[in-house]
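Inspection log for the structure reproduced underneath, given as structure tokens.
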Amino acid sequence: MPAKQGQITFTSFGCLLFSYLSGFSTLFLIEAKFLNQDVWMAYSIGMALSFGILWLLHRTQIRLPNLTMLEVFDHALGKLFSRVVLCFYLVYLLEIQGDASQALTSFYRSVVLPNTPTNSILLMLALTTTYAVSVGFHAIVRSVLLALPFFLLGIAFILLMISQDVHTNPFLPPFRHSAALIGYGGLLSFFLPFGKSIVFCFLFDRIGSGRKKMASIFAALFLAGLYLCAATYLTFGSLGMRLTSHSLFPFFSAIQLVKLGEYLERIEIMIIGIWTLFTVFEIIVLQYIFVQLFTHVFRIQRPKWFVLPIGLLFFAISERSFREVYDQDYYNSHIAPFSTLIPTVVIPLLLFVVGSIRLKRLSGA
Amino acid sequence: MQQQARPLHRSSAANIQALQETFSDNASFVTRDLSCRTGPDRAAFAYLDVLVDEKLLHQNVIRKMNEDLELPYDQFDLKVLGSLYSAGKVEVIDDWSAVPEFLYQAGAVLFVDGHPCVYGILMPGYDTRSIGEPKIEVNVRGPRDSFIEDHDKNLSMIYRRLKTSDLKSLSYIIGTQSRTKVTLLYMEGKMDRELAAKLRRKLADFQCDVLLANTQIEELIQDSAYSPFPQIANTERPDRVVTSLSRGKAVILTDGTPIALIAPTTFFEMLHPSEDMYERFHFANFIRIIRTITLFISLFGPSLYIALTTFHLEMIPTPLMMAFLTSKAGIPFPTFVEALIMETAFEILREASLRLPKVVGQSVSIVGALIIGEAAVQSGIVSRPVVIVVAMTGISSFTIPSFGTALSIRLLRFPLMLLASYAGVLGMALGFLVLLLHLCSLHSIGVPYLNPISADGWKKTLQNYVRLPARLRNGTGSREPDYDKNIP
Amino acid sequence: MTKTFLSALWVPLLAFAMAGCSPDTTEIGDIALVTAIGIDYDKENHQFTFSSYSIMPMAGGADQPGRLSQWVARSNGGSILESARNLKSQAGKTLIWVHNKFIIVGEEAARHSFSEIMDFLTRNRQIRMSSYLIVSEGKAADQLRAKVGTGDMLSNDLLGKIRNENAWGKNVAIPLHDIADRYGSPDRGFITGKIKTVFDGDMQGQKAELKGAAVFNRGRLAGWIEGDDVLVYRLLSDKQLWNSLEFDKTVRYERAAMTFLVRESKHSVRTSFRRGVPVVDIYLKFSASIGEIDRTLPLQDPSVIKQMERLVSKELEKMMDTSLHHYQREVKVDILGWADLFAAHHPRQWEKIKADWSTVYPAVKANVTVDVKIEKLGLIRVLKD
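Residue numbers (the numbering used here), protein chains in the order written: chain A, 56 to 420; chain B, 83 to 570; chain C, 9 to 393.
In structure tokens, the structure reads:
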């Protein structure tokens, strides 16, 4: 099959997915706070579920290998119904990006810049992400590939330094939590961060079909999970279980303890800078996919004109979200894990089932 | 001076007359009659005496012609032309508009009665600079010749190094009034055909009045006019040109400019001087690491200082903090303003030193250092740490080999300082991200500016960070990988 | 077009972001660096007293470099945060807490309002988790006014003392994050460093002494431990506390008195249940070097060296047993965190004894085995009379 214009290699795709998942994942460590040493099970559930859903979407997409995912939706579900279904994804993307933007802003305001207005930070974020979307997909992927080695180096260094502070065994005692609790933790970790990878199905046409695609997705999910596990367990070991459960940003607190020699402390600011970049990459990818979906759903001929309005929409949505101090926590633990099942599980399953029936007829005919 | 678009007369006298009218009020225009014996106006030379080597013309051409004319001959014109052809390469011009242009190219034209055309022979006699040592791209071990303003000598330097017929050179005359000669060079089989065709088209279609420097050509072929980063490399060294040609790049030489343009180029090539090729790979890699560090220092130095000292005081070690406390006490300006004052002063000093006559250069630089260094600190205008930061930043920016890239980095420091003063590390991170995205979206005549990052093959990608030992390097030159187009 | 518009949009944003527009900037010239704080509590009046020890810059002239001056301030309030804020009324400069290394909690505050103090410290973004929390005998404010023999700043002096604890072992400084983690457990207790002022004749004033430790149980100050008890705590605790520790031990061999410099090299604490009884097996390995002998000994004889090693082991075991007995029977607080070890390694049995841990703990059987290896003899081999 000849390579289409505008395609990226499967390694770049994997790197993009890894960066997308890793930016935000270690911020709150919500599941770790109540599952403690058994949290690896929740992460595994989240990873497995994400990979399964992506595999289903992949199977659907390869029935019509020369089409984009959006066109596959149209063929499988009919043009009208697929538009309705894609609107769910639009709402989902707005929710997730609002969550990410507000989380980043609340982190900065809690830790670094307490008096800076929320709007300024959100506006700066929105301008950056809109500029990124306007320069195009290849520029985004290239910048991720450029920034990733620095991120990996910094994180590896920090994890190594934290491991020297570990004084308790974070894996003990194992299996002390009920299956229901672990299931709930799995659901939470599927919502954040692993389930967000479902929207990458809309980028499948960028790398063509093939087994290497699923291999790169698996590698990215696995490595993101590994990083998350390493961060979580090192945090347990250095801070202690109780303090981890009480801290708002446990991984950040663990990084605060890193000391280089006698006097160089609190080097977390440098790591935060790099880590911020990757959270912003997540919002950039979300915004990019939103632009693709939006132009497809509303049949827009010139997508370039809508990049800035969509950026402003993103700013408006995140500015209006989570206005009360408890809203975000409540949303992350009670609302979102269930409401986001529709675009991340129900619709892909629907697409797979309906697609198997309808598309077989189409591709067979 | 209007070119008369008409064919030439058969009569050489009429042609000379017409040419004299064209070059009226031009004191350099000279005519020499050859036909004293046979009668006037049988044949005559015309040239511009400031351009043509008159001595050579007289000795090699006119005297020989006169000698030949002394002997018995059958046909006057054949004799004259025979002598002319033996003197050098003769160009036959039959279009009137091309005659003045030929004169301006340091040519002498011969009008022969009865021939409706003109015979031109090039005899440049103006002085050009001799080939000297490079001023900007200096190195220890490599060759020491550099380009000069004479286009042909530049071309000869390249031909002496690349002795292959694969080297194509296409000439263009650009500029309706300057008639500047521009040559496009590339290696057949190494350069992408589409890119070569694109460049050829652009050069052929370029219209302007006067082409003085190759900046205009750079503006023509670059992809983005608004980007602060140069997308076309320039060099004054022939060896660098030859290396680029062998890597499948195109080179543009302009008459009158001692700098060659190289396209396409990537950001990493801007950071690697030719020095790296001539040293062993250990040293080359060590210096590359240093250069990467200085790149970051020159870009982020002042903004990092501002961010740390105004937002992130916890990151500064406590003993250093105490030293900062004592040095900053009593300084009236906020840190950002201090840094801005010092940076501006440094830029002023740098600009001034460019235009200083050599005689006073040394003393002014000492005065500048004294004023900025000691007096400003002691009078309490700025604090010592700021002076150190600014000095380090300035010195770091001098290590960047490409002058254009260094200039753009100097410029980009200021917005980053503003961002750091507003939002600390968040501002710096976002500013860096915008810069990174901009670099990733840039193209150099269609080739992505940070291209090798997404290329296949670890060797190619790695070679942009480190210089591999000879065994691991790919063969001579490499085709550019497929060019992704920017599709949002 | 979008790109150009966006690039243009950054320009007014940058113009807006001129210096002084950010509300979070702090200029170094305007700050006072707080390096130690003290929190006291008056139970009768429900008043907190917040004291701070700060370092301030003083501008120098054209020929003089700037100097640092020290400043101690104190203020009261109904809550810790209120009293900390009230301090600002006395401050001519912005107080910066991020370089604070010491939090000194007064005795009364530690007994009656430690939970409030912990909440304040862990919630505040400027307080470092790696700063040391030390309990003072008496008022914390008095410690901050103590004189320093070397003339150095108090915080530097305290920092130096903590560094030197690796050569002595009878004092300890625990960072805040460890205390915050242990504080929340209902079963185990913890210790922190102890500071008190003593009168110094040479200086004609009070000087601060970092010696001993304060014991906490169920979030309140429960008592003090001194001397060898602190040393044993360090030897049985986290690696950071014993890794660089080198202490002296004097033993008698035949008629000679020998002093060794001992260093812990290996450490193993295992918990188990034997016939329903919780047992802790402690194995420690030390390396020793001879510091001083008061008469000639045949050090070349391997059997002599072996005997010495056995003697030192016995001495160390005795020291450990004494201290463990003290913790279990007299102090009655699980300061070594055995509750956490049992909970981690034997969760099911732990659930059964968890509720009665305060009565079970004194009955826990602790078996200590010590191995000593003499590795260095110093620069001379034998001392002749």
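A virtual CB, placed ideally from N, CA and C, is assigned to each residue, including glycine.
Bear in mind that the values here come from a model prediction, so they are computed numbers and not experimental data.
Cross-chain neighbours of residue i in chain B, by beta carbon under 8 Å
i, result
"Ile-104(C)", "Leu-395"
"Val-167(A)", "Phe-393, His-394, Gly-506, Val-507 and Leu-508"
"Val-352(A)", "By Cβ distance, chain B contributes nothing, its closest Cβ being about 17 Å from Val-352(A), past 8 Å."
"Met-179(A)", "Ala-505, Leu-508, Gly-509 and Leu-512"
Where residue i falls: helix, strand or coil (DSSP)
i, result
"Trp-178(B)", "coil"
"Trp-360(A)", "helix"
"Thr-317(B)", "strand"
"Asp-393(C)", "Any reading at Asp-393(C) is ruled out, since the residue's pLDDT is 43, under 50, leaving its predicted position unreliable."
"Asn-225(C)", "strand"
"Ala-148(C)", "helix"
"Met-66(C)", "strand"
"Ser-560(B)", "Its pLDDT being 36, under 50, Ser-560(B) is placed unreliably by the model, and the measurement read from it follows with that caveat. Of the three classes helix, strand and coil, the one that applies to Ser-560(B) here is coil, per DSSP."
"Tyr-208(B)", "coil"
"Glu-150(A)", "helix"
"Ala-181(C)", "coil"
"Met-211(C)", "coil"
"Gln-55(C)", "strand"
"Asn-91(A)", "helix"
"Asn-568(B)", "Residue confidence is low: Asn-568(B) scores 33 on pLDDT, short of 50, so the model does not pin down where it sits. No coordinate-derived value is stated."
Chain C residues whose Cβ lies nearer than 7 Å to that of residue i
i, result
"Asn-224(A)", "Ala-352"
Local Cβ density within 10 Å of residue i, reported as buried at 16 or more and exposed below that
i, result
"Val-380(A)", "exposed"
"Asp-154(A)", "buried"
"Arg-278(C)", "exposed"
"Thr-339(B)", "buried"
"Ser-168(B)", "exposed"
"Glu-300(C)", "exposed"
"Trp-178(B)", "buried"
"Lys-410(B)", "buried"
"Ile-344(A)", "buried"
"Asn-174(A)", "exposed"
"Trp-360(A)", "exposed"
Within chain E, partners of residue i - CB distance below 9 Å
i, result
"Val-335(A)", "Looking at the structure shown, chain E is missing, and the protein chains on hand are A, B and C."
Contact set between residue i and chain A, taken where Cβ atoms lie within less than 8 Å
i, result
"Pro-593(B)", "Past the edges of chain B, shown from 83 to 570, lies residue 593(B), and the structure says nothing about it."
"Pro-530(B)", "His-193 and Arg-197"
"Pro-286(C)", "Those do not exist, as Pro-286(C) stays about 15 Å from chain A at its closest Cβ, beyond 8 Å."
Contact list for residue i against chain C, beta-carbon separation under 8 Å
i, result
"Met-404(B)", "Leu-41, Ile-63 and Leu-76"
Check: residue i C-beta below 7 Å from any heavy atom of the ligand ZN
i, result
"Trp-110(A)", "Absence of the ligand ZN is noted for the structure shown, with no ligands found whatsoever."
Proximal residues of chain A, C-beta to C-beta of residue i below 7 Å
i, result
"Leu-381(B)", "By Cβ distance, chain A contributes nothing, its closest Cβ being about 14 Å from Leu-381(B), past 7 Å."
Within chain B, the residues that residue i reaches when beta carbons sit closer than 7 Å
i, result
"Ala-202(A)", "Leu-518"
Neighbouring residues, chain A, relative to residue i (Cβ below 9 Å)
i, result
"Cys-290(B)", "Going along chain A, no residue has its Cβ under 9 Å from Cys-290(B), so there is no contact; the nearest lies around 31 Å."
Practice prompt. Give, in chain order, every residue of the region 270–302 of chain A whose Cβ lies closer than 9 Å to some Cβ of chain C.
Written response: Ser-293, Leu-294, Gly-295, Met-296, Arg-297, Leu-298, Thr-299, Ser-300, His-301 and Ser-302
Discussion item. Can you pull out the residues from the region 209–235 of chain B whose beta carbon lies closer than 7 Å to at least one beta carbon of chain A?
Written reply: none
Worksheet item: Which of the residues in the region 119–137 of chain C, read from start to end, lie with their CB under 7 Å from any CB of chain B?
Response: none
Practice prompt. Could you please tell me which residues of the region 30–64 of chain C, in chain order, have their CB closer than 8 Å to any CB of chain B?
Written response: Ser-30, Asp-32, Thr-33, Thr-34, Glu-35, Ile-36, Gly-37, Ile-39, Leu-41, Thr-43, Ile-63 and Met-64
Practice prompt. Quick one: which residues of the region 183–199 of chain C get their C-beta closer than 9 Å to a C-beta of chain A? List them in chain order.
Written response: Pro-183, His-185, Asp-186, Ala-188, Asp-189, Arg-190, Tyr-191, Gly-192 and Ser-193
Worksheet entry | Members of the region 247–279 of chain C that neighbour chain A once the beta carbon cut-off is set at 9 Å | Correct list: Lys-247 and Gln-248.
Item to complete: Write down every uninterrupted run of the alpha helix (DSSP H) in the region 166–221 of chain A whose length is 4 residues or greater and which is fully enclosed by it, in chain order.
Response: 173–190 and 192–218
Discussion item. What are the residues in the region 487–506 of chain B lying within 8 Å of chain C by C-beta distance?
Written reply: Pro-497, Leu-500, Leu-501, Ser-503, Tyr-504, Ala-505 and Gly-506
Fill in: alpha helix (DSSP H) runs wholly inside the region 352–411 of chain A, at least 4 long, in chain order
362–375, 382–385 and 391–394
Practice prompt. Report the residues of the region 258–277 of chain B with a CB closer than 9 Å to any CB of chain C, ordered along the chain.
Written response: none
Fill in: Inside the region 337–412 of chain B only - beta strand (DSSP E) runs reaching at least 3 residues
342–345
Fill in: Uninterrupted beta strand (DSSP E) stretches inside the region 106–166 of chain C (no shorter than 3 residues)
Complete beta strand (DSSP E) runs here, min 3: 110–113 and 140–144.
Worksheet item: For the region 205–239 of chain C, which residues have a beta carbon sitting closer than 9 Å to at least one beta carbon of chain B?
Response: Result list empty, no residue passes.
Practice prompt. Scan the region 278–310 of chain A and note each continuous alpha helix (DSSP H) run of 4 residues or more that stays entirely inside, going in chain order.
Written response: Runs of the alpha helix (DSSP H) lying entirely within the region 278–310 of chain A, each at least 4 residues long, are 296–301 in chain order.
Item to complete: Using a Cβ-Cβ cut-off of less than 7 Å, list which residues of the region 408–439 of chain B approach chain C; keep chain order.
Response: Thr-408, Ser-409, Lys-410, Ala-411, Gly-412, Ile-413, Pro-416, Thr-417, Phe-418 and Val-419
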